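*Asks:*
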Amino acid sequence: MQTILFHDTIFGPIHSRRLGTSLGVNLSPRDGKICSFDCLYCEAGFNAQGPGRAGLPCRAEVRTLLEEKLKSMKHNGETLDVITFSGNGEPTLNPDFEGIIEDTISLRDRYFPNVKISVLSNSTRLDHEDVVRALLRVDNNILKLDSALTDTITAIDRPNSPDFTAERVIDQLTRFGNKCIVQTMMLRGEYDGKNIDNTTPEEVDALIEAYRKIQPSEVMLYSIDRRTPAENLKKVSREELESIAERIRAAGIAVQVS
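The sequence shown begins at 81 in the numbering used here and counts up one residue at a time.
1) Under the DSSP definition of a beta bridge, which residues are partnered with Arg268?
2) Between Leu267, His155, Arg255, Asn106, which has its C-alpha nearest Lys314's C-alpha?
3) With H, G and I counted as helix, E and B as strand and the rest as coil, what does DSSP make of Val337?
4) Is the stretch 274-287 touching the stretch 204-218 in the sense that three or more CB pairs, one from each, lie closer than 8 Å?
5) Tell me the DSSP secondary structure of His95 in three-state form.
6) Output the residue ranges of the alpha helix (DSSP H) runs that lie fully inside the stretch 183-228 and measure 4 residues or longer, sorted by chain position.
7) Tell me whether Tyr302 sits in a helix, a strand or coil according to DSSP, three-state version.
8) Looking at the unbroken alpha helix (DSSP H) that takes in Thr254, where does it start and where does it end?
9) DSSP on Ile261, reduced to helix/strand/coil?
10) Does Ile114 come out as helix, strand or coil in the three-state DSSP assignment?
11) Secondary structure at Ile84, three-state DSSP: helix, strand or coil?
12) In chain order, what residues of the same chain have a beta carbon less than 8 Å from the beta carbon of Arg213, not counting five sequence neighbours either side?
13) Mapping DSSP to helix, strand and coil, what is Gly125?
14) Using the rule of at least 16 other Cβ atoms within 10 Å of the residue's Cβ for burial, across every protein chain shown, is Gln336 buried or exposed?
15) Under the three-state reduction of DSSP, which class applies to Thr89: helix, strand or coil?
16) Could you check the C-alpha separation between Gly332 and Pro296 for me, to the nearest Å?
17) Counting only the same chain and skipping the five closest in sequence on each side, list residues whose C-beta sits under 6 Å from that of Ile180.
18) Within the continuous alpha helix (DSSP H) that includes Ser152, where are the two ends?
19) Can you tell which of Arg255, Lys274, Ile324, Ile163 has its C-alpha closest to the C-alpha of Arg188?
20) Buried or exposed: where does Lys149 fall if 16 or more other Cβ atoms within 10 Å of its Cβ makes it buried?
21) Near Thr242, what residues of its chain come up, given a Cβ to Cβ distance below 6 Å and the 5 sequence neighbours on each side ignored?
22) What span of residues does the alpha helix (DSSP H) with Thr230 cover, start to end?
23) Going by the CB atoms, is the gap between Arg306 and Glu123 shorter than 8 Å?
24) Which class does Thr164 belong to by DSSP, given the choice of helix, strand or coil?
25) Name the two residues that bound the continuous beta strand (DSSP E) containing Gly100.
26) Where Glu298 and Ala228 are concerned, what is the direct C-alpha to C-alpha distance, given to the nearest angstrom?
27) Using the three-state DSSP reduction, which class does Gly169 fall into: helix, strand or coil?
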């Protein structure tokens with residue numbers, strides 16, 4: 081069974097294909113997974129593996145560990161492009177998220193003032209004003225939208241809340257406009273006897289309409305790069321991603337393919 085990726089609160093730096101040299105911050109447990117989605121493609125595995133026993137790291141712990149790492153990197157002359165919040169689940173579920181972002185900005189300014197702060201979020205907590213305030217303060221506010229059709233986004237991302245719909249999250253994303261980057265995973269395959277494909281003309285048309293409504297600074301279009309917990313998923317080729325990206329660019333939306 082595929083299990084969690086990160087066993088530390090601060091990890092890396094690692095090379096991110098989209099962001100560069102990235103120091104990771106995991107606001108989920110070090111020994112389990114807590115997420116408001118249970119995505120078929122999640123590199124950290126399914127939620128069924130459980131939340132572990134360590135619990136969510138608190139604000140003071142994150143600040144101490146992050147400062148120790150940044151101070152050490154600065155002393156050793158290491159380079160860094162970005163501090164990235166990701167990890168074993170949805171970072172905005174941590175109740176100290178806003179305060180942790182505040183601390184991270186302060187530490188970044190002290191040790192690596194040219195480094196960007198990125199948050200990879202699944203967009204499920206955009207009805208919480210503290211989360212919105214925090215996301216508006218970071219350099220790269222990267223928000224997930226894997227489909228603009230509710231049936232498809234439910235099949236791929238498997239949200240915990242029965243109230244989650246594509247229409248609702250698209251409306252929430254419009255609050256950010258060019259202060260967000262929309263990230264879309266393109267894939268196809270089969271799970272639990274059902275075909276899944278968000279690359280069809282109908283799906284791409286719906287995504288383009290959603291992007292037009294949101295008006296993000298950029299769309300990040302990508303596909304599977306590592307092992308996934310659902311085994312019968314297929315990676316979309318770079319050539320096909322570029323073809324889809326050209327359709328999106330024709331609508332006046334900037335796209336990065338990775």
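Here a beta-carbon is modelled for each residue, glycine too, at the ideal position from N, C-alpha and C. All values derive from a computational prediction rather than experimental measurement.
*Replies:* Reading from the atomic positions:
1) Asp277, Lys314
2) Closest by alpha carbon: Leu267.
3) strand
4) no
5) strand
6) DSSP runs (the alpha helix (DSSP H)) wholly in the stretch 183-228: 209-215.
7) Tyr302: strand per DSSP, three-state reduction.
8) Looking at the DSSP string, Thr254 is not in any alpha helix (DSSP H), and its letter there is neither H nor E.
9) strand
10) strand
11) coil
12) Glu178
13) coil
14) exposed
15) coil
16) 11 Å
17) Arg139, Val142
18) 139-155
19) Ile163
20) buried
21) The sequence given here places Pro at residue 242; Thr does not occur at that position. Counting only Cβ-Cβ distances below 6 Å, and skipping sequence neighbours, we find nothing.
22) 230-237
23) yes
24) strand
25) Per DSSP, Gly100 belongs to the beta strand (DSSP E) from 100-106.
26) 16 Å
27) strand
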